[in-house]
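Novice: Numbering (the UniProt record's numbering), first residue to last: 1 to 701.
Ideal Cβ placement from N, Cα and C applies to all residues, glycine included.
One structure is given below, represented as structure tokens, and several questions about it will come after.
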Amino acid sequence: MAAAGAAKVTAAAAATAVFRSNQELTRLARSGQLAAARRLFDSMPRRNTVTYNAMLSALARNGRIDEARALFDGMPRRNAVSWNAMIAAFSDHGRVADARSLFDEMPNRDDFSWTLMVSCYARAGELEIARDVLDRMPGDKCAACYNAMISGYAKNGRFDDAVKLLKEMPTPDLVSWNSALAGLTQSGQMVRAGQFFDEMVEKDLVSWNLMLEGFVRAGDLDGASTFFARIESPNVVSWVTLLNGYCRAGKIDDARELFDKMPERNIVAWNVMLEGYVRLSRMEEACNLFEEMPDKNSISWTSIVSGLVRAGKLQEAKDLLDQMPFNCVAAKTALMHGYLQRKMVGEARQIFDGIEVRDTVCWNTMLSGYVQCGMLEEAMLLFQRMPNTDTVSWNTMIAGYAQGGQMRKAVGIFKKMNRRNTVSWNSVISGFVQNGLFVDALHHFMLMRRDTKRADWSTYASCLSACANLAALQVGRQFHSLLVRSGHINDSFAGNALISTYAKCGRILEAKQIFDEMIVKDIVSWNSLIDGYALNGHGTEAISVFLEMKANNIRPDEVTLVGILSACSRAGFIDEGLKYFNSMEKEYSLKPVAEHYACMADMLGRAGRLNEAFELVQGMQIQPNAGVWGALLGACRLHKNDELARLAAEKLFELEPRKTSNYVLLSNISAEAGKWDEAEKTRASIKEKGVHKPPGLAGSS
DNA sequence: TATGCGTAGT
1 MAAAGAAKVT
11 AAAAATAVFR
21 SNQELTRLAR
31 SGQLAAARRL
41 FDSMPRRNTV
51 TYNAMLSALA
61 RNGRIDEARA
71 LFDGMPRRNA
81 VSWNAMIAAF
91 SDHGRVADAR
101 SLFDEMPNRD
111 DFSWTLMVSC
121 YARAGELEIA
131 RDVLDRMPGD
141 KCAACYNAMI
151 SGYAKNGRFD
161 DAVKLLKEMP
171 TPDLVSWNSA
181 LAGLTQSGQM
191 VRAGQFFDEM
201 VEKDLVSWNL
211 MLEGFVRAGD
221 LDGASTFFAR
231 IESPNVVSWV
241 TLLNGYCRAG
251 KIDDARELFD
261 KMPERNIVAW
271 NVMLEGYVRL
281 SRMEEACNLF
291 EEMPDKNSIS
301 WTSIVSGLVR
311 AGKLQEAKDL
321 LDQMPFNCVA
331 AKTALMHGYL
341 QRKMVGEARQ
351 IFDGIEVRDT
361 VCWNTMLSGY
371 VQCGMLEEAM
381 LLFQRMPNTD
391 TVSWNTMIAG
401 YAQGGQMRKA
411 VGIFKKMNRR
421 NTVSWNSVIS
431 GFVQNGLFVD
441 ALHHFMLMRR
451 DTKRADWSTY
461 ASCLSACANL
471 AALQVGRQFH
481 SLLVRSGHIN
491 DSFAGNALIS
501 TYAKCGRILE
511 AKQIFDEMIV
521 KDIVSWNSLI
531 DGYALNGHGT
541 EAISVFLEMK
551 ANNIRPDEVT
561 LVGILSACSR
571 AGFIDEGLKY
581 FNSMEKEYSL
591 KPVAEHYACM
601 ADMLGRAGRL
611 NEAFELVQGM
621 QIQPNAGVWG
631 ALLGACRLHK
641 NDELARLAAE
651 KLFELEPRKT
661 SNYVLLSNIS
671 AEAGKWDEAE
681 KTRASIKEKG
691 VHKPPGLAGS
701 S
């Protein structure tokens with residue numbers, strides 16, 4: 001008897017212990033402490049179904065869906081909560097099909113299960129299927145299930161359907177009304193939202209906060225402040241919403257005043273204030289606030305680190321990261337990004353290697369760092385090692401190979417992609433253009449339309465550039481009308497590309513017309529028109545556009561001066577050209593770069609002032625590039641100066657050893673001067689140096 | 001003590 005009594009006591013004590021551990025496990029799960037939750041779970045001598053369910057949701061919350069599934073499959077007993085938690089895990093990560101098959105297998109579905117499925121489809125944008133699930137739900141439908149559907153309609157812009165269902169359902173609750181209201185406030189329809197809010201049968205603080213957030217989102221700070229003042233007893237969410245409004249409007253000092261007035265500050269409030277300072281690069285205040293924060297989570301750390309990185313304080317960011325008490329991938333990725341922008345690949349890689357659990361953003365950052373540094377082999381190795389790739393990863397590789405001149409590899413990656421988006425198409429199309437394969441670019445535009453992917457300004461800019469280079473006026477005109485039809489005609493990008501296209505096709509009047517019709521002209525628009533006149537030999541017009549530009553208070557940049565100098569060069573305006581060139585630094589604070597020298601060499605050379613041109617090149621502060629020597633060589637041919645030609649050509653051979661046309665040009669110059677031996681020698685050196693053809697555009701390396 | 005629908009911060 002006594003033994004039985006003792007056993008009963010022991011069993012009760014054990015049950016209490018499990019109960020207590022479960023409470024702790026739940027707490028850990030909710031605060032995102034997965035590692036601690038796992039340790040506790042593993043150390044528990046006895047577990048019940050609640051224990052497993054808590055662990056399951058801890059895994060799901062941290063995105064460990066497949067581990068959660070393994071735990072689910074291995075559970076000794078499963079109840080409805082276990083099934084629902086697993087369905088929710090799939091639903092939260094967009095795995096609609098997995099959620100559905102579990103729902104179909106589930107023995108006894110309850111209200112939670114049906115609500116989860118409605119919500120799952122609604123969030124995936126599958127509103128008709130969601131509605132079908134709701135309609136099939138047997139017996140009395142719970143309010144939550146209706147609410148999931150109302151929310152789905154509202155978030156997808158179907159406000160009328162949301163209200164219709166709200167009126168149809170037997171017992172709408174606060175969430176029903178707020179779900180419908182959220183549809184209006186979150187899509188910026190504040191007038192309708194205000195009417196709906198006034199007519200609401202039931203409302204609570206969430207309703208008021210939804211309205212407040214709507215004003216902030218619409219950028220109506222006065223409306224927000226006035227509305228806030230009407231809230232009877234605002235809670236932390238109300239305060240934070242208004243605080244965020246001030247921060248986003250850049251009124252950081254007003255924000256700080258509000259922050260100091262807050263009756264209660266939680267971690268979200270601190271983070272909003274911190275991000276406000278960081279956004280305005282007020283890093284000293286940001287750092288002070290960060291020090292004062294009673295709690296810091298991964299958002300706080302990411303904010304401060306990316307702020308320091310943006311301010312160029314990489315060492316401070318790194319020192320701070322070394323003190324981070326937990327592993328925050330986003331903060332470390334921000335530092336990696338900073339290193340990579342400065343081409344400090346080794347430092348970035350060190351951080352990367354030190355991260356135990358990386359997300360796809362982290363992998364993509366390292367990947368694009370390698371690409372930007374031209375380290376394509378390392379990029380490919382990393383790409384192949386990635387546990388998960390997304391469209392960004394693939395697009396990064398495509399753009400990398402395209403910029404590296406290896407179009408064959410770029411296209412190879414592109415063809416293997418499962419889901420191509422507009423950026424993927426743009427990367428190959430602009431790659432073809434950059435590598436001079438204009439016909440391929442236009443061909444891929446046709447394929448893109450067949451793939452029903454939307455073209456954007458970048459697509460059109462690349463295609464127009466292809467047309468310009470092919471001088472394909474008719475195709476260019478077709479793109480022009482496509483731009484009008486797709487509504488992109490008012491983008492300054494598109495307009496600028498059109499100006500260049502018409503100008504390069506010799507239709508300078510049409511180029512000017514586009515320019516005149518453009519609503520928003522930027523510096524590129526002016527430069528494109530000046531370039532266009534230059535290209536067509538209209539020196540006077542180019543200069544008059546330049547003067548008009550200055551009269552409009554647009555500051556000329558380096559590109560403008562290239563245009564002006566080449567206009568003077570082609571029109572033979574030597575004195576004008578020299579005047580502009582010599583006044584670059586004084587009048588426009590622009591240091592001449594190689595392109596300017598090339599224009600000058602061309603200008604003086606064409607006019608037969610070869611020695612002056614040569615002296616100018618020799619006196620350059622910077623290293624002359626191939627363009628400069630090329631201009632000189634061209635002028636030498638024009639004026640039959642084979643001695644200077646040889647000198648310029650030798651420099652060109654150093655800079656562009658594989659470019660056959662340089663050798664051919666020099667050989668012709670020698671031949672024209674009657675120096676047949678020299679000509680033959682130059683031709684022979686083509687074979688000698690192993691120069692066969694221009695560098696392979698298709699990148700067969 | 002574990003699972004669903006509406007509000008704030010990357």
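Going by beta carbon distance, what residues of the same chain come within less than 6 Å of E517, once the five residues before and after it are set aside?
Specialist: none
Novice: On a CA-only basis, which of G572, S300, D557, L604 is nearest E587? Give me that one, please.
Specialist: D557
Novice: Are there 16 or more other CB atoms within 10 angstroms of the CB of K693, so buried, or fewer, so exposed?
Specialist: Since pLDDT at K693 reaches only 46, below the 50 mark, its modelled position is unreliable, and the value read off the structure follows with that caveat. Looking at its Cβ environment, which holds fewer than 16 other Cβ atoms inside 10 Å, K693 is exposed.
Novice: What would DSSP say about K155, mapped onto helix, strand or coil?
Specialist: Here K155 sits in helix by DSSP.
Novice: So for H639, helix, strand or coil by DSSP?
Specialist: The DSSP-derived three-state label of H639 is coil.
Novice: From A698 to F432, what does the alpha carbon distance come to, in whole angstroms?
Specialist: Residue placement at A698 is flagged as unreliable, the pLDDT there being 41, under the threshold of 50; a coordinate-derived value is accordingly withheld.
Novice: With DSSP run on the structure shown, which of helix, strand or coil describes H480?
Specialist: helix
Novice: Helix, strand or coil: how does DSSP classify C599 here?
Specialist: C599 falls in the helix class under three-state DSSP.
Novice: Out of curiosity, what's the CA-to-CA distance linking Q189 and G577?
Specialist: Whole-angstrom Cα-Cα distance: 57 Å.
Novice: Pairs of beta-carbons, one from the stretch 497 to 504 and one from the stretch 538 to 554, closer than 8 Å: are there three or more?
Specialist: no
Novice: Nearest to L181 by CA position, among G630, D160, E168, is which residue?
Specialist: D160
Novice: Quick one: measure Cβ to Cβ for S427 and M417, integer angstroms, because I've assumed they're closer than 8 Å.
Specialist: Contact check for S427 and M417: beta-carbon distance about 11 Å, past the 8 Å limit, so the pair fails to qualify.
Novice: CA-CA distance, R64 and L561?
Specialist: 57 Å
Novice: Which ranges does the alpha helix (DSSP H) cover as unbroken runs of at least 4 residues, wholly within the stretch 232 to 272, from first to last along the chain?
Specialist: Correct list: 236 to 248, 252 to 261.
Novice: Excluding the 5 residues flanking V81 on each side, which residues of the same chain have their C-beta closer than 7 Å to its C-beta?
Specialist: N53
Novice: How many Å lie between N364 and V329 at the Cα?
Specialist: 13 Å
Novice: What does the alpha-carbon distance come out to for the pair T171 and Q323?
Specialist: 53 Å
Novice: Where do the ends of the alpha helix (DSSP H) carrying M549 lie?
Specialist: From DSSP, the alpha helix (DSSP H) with M549 extends over 539 to 551.
Novice: What is the DSSP secondary structure of Q372, counted as helix, strand or coil?
Specialist: helix
Novice: Roughly how many angstroms lie between the CA atoms of N552 and S685, to the nearest whole one?
Specialist: 54 Å
Novice: Let me check you understand the geometry: is the CB of G157 closer than 6 Å to at least one non-hydrogen atom of the ligand ZN?
Specialist: No copy of the ligand ZN appears in this structure; indeed no ligand is present at all.
Novice: Contact defined as beta carbons within less than 8 Å: I believe G627 pairs with A594. What is the distance between those atoms, to the nearest angstrom?
Specialist: 6 Å
Novice: Do you know whose CA, among D440, G139, L437, G487, lies nearest A455's CA?
Specialist: Ranking the options by Cα distance to A455, first place goes to G487.
Novice: State buried or exposed for E213, treating a residue as buried only when at least 16 other CB atoms are found within 10 Å of its CB.
Specialist: buried
Novice: Please specify which runs of the alpha helix (DSSP H), each continuous and at least 4 residues long, are wholly inside the UniProt repeat "PPR" (491 to 521), giving them in chain order.
Specialist: Runs of the alpha helix (DSSP H) inside the UniProt repeat "PPR" (491 to 521): 492 to 504, 508 to 517.
Novice: Around the C-beta of E377, are 16 or more other C-beta atoms found within 10 angstroms, so that it is buried, or is it exposed?
Specialist: exposed
Novice: In terms of residue numbering, what span does the alpha helix (DSSP H) encompassing H443 cover?
Specialist: Residue range 438 to 450 is occupied by the alpha helix (DSSP H) that includes H443.
Novice: How is T302 classed by DSSP in three states: helix, strand or coil?
Specialist: helix
Novice: With distances taken from CA atoms, which of Y663, S113, M75, P107 is nearest A89?
Specialist: S113
Novice: Helix, strand or coil for E656, going by three-state DSSP, please let me know.
Specialist: coil
Novice: Hey, could you find the ends of the alpha helix (DSSP H) H488 is sitting in?
Specialist: Where H488 is concerned, there is no enclosing alpha helix (DSSP H), given that its DSSP letter is neither H nor E.
Novice: Count the C-beta pairs between the stretch 215 to 230 and the stretch 197 to 205 that are closer than 8 Å, then say yes if the count reaches three, no if not.
Specialist: no
Novice: To the nearest angstrom, how far is it from the Cα of N156 to the Cα of G183?
Specialist: Each residue's Cα considered, the two are about 8 Å apart.
Novice: According to the Cβ coordinates, are W457 and A494 closer than 7 Å?
Specialist: yes
Novice: Less than 7 Å separating the beta-carbons of S303 and A334?
Specialist: S303 places its beta carbon 7 Å or farther from that of A334.
Novice: Leaving out five residues before and five after A36 in sequence, what residues of the same chain have Cβ atoms less than 8 Å from its Cβ?
Specialist: L28
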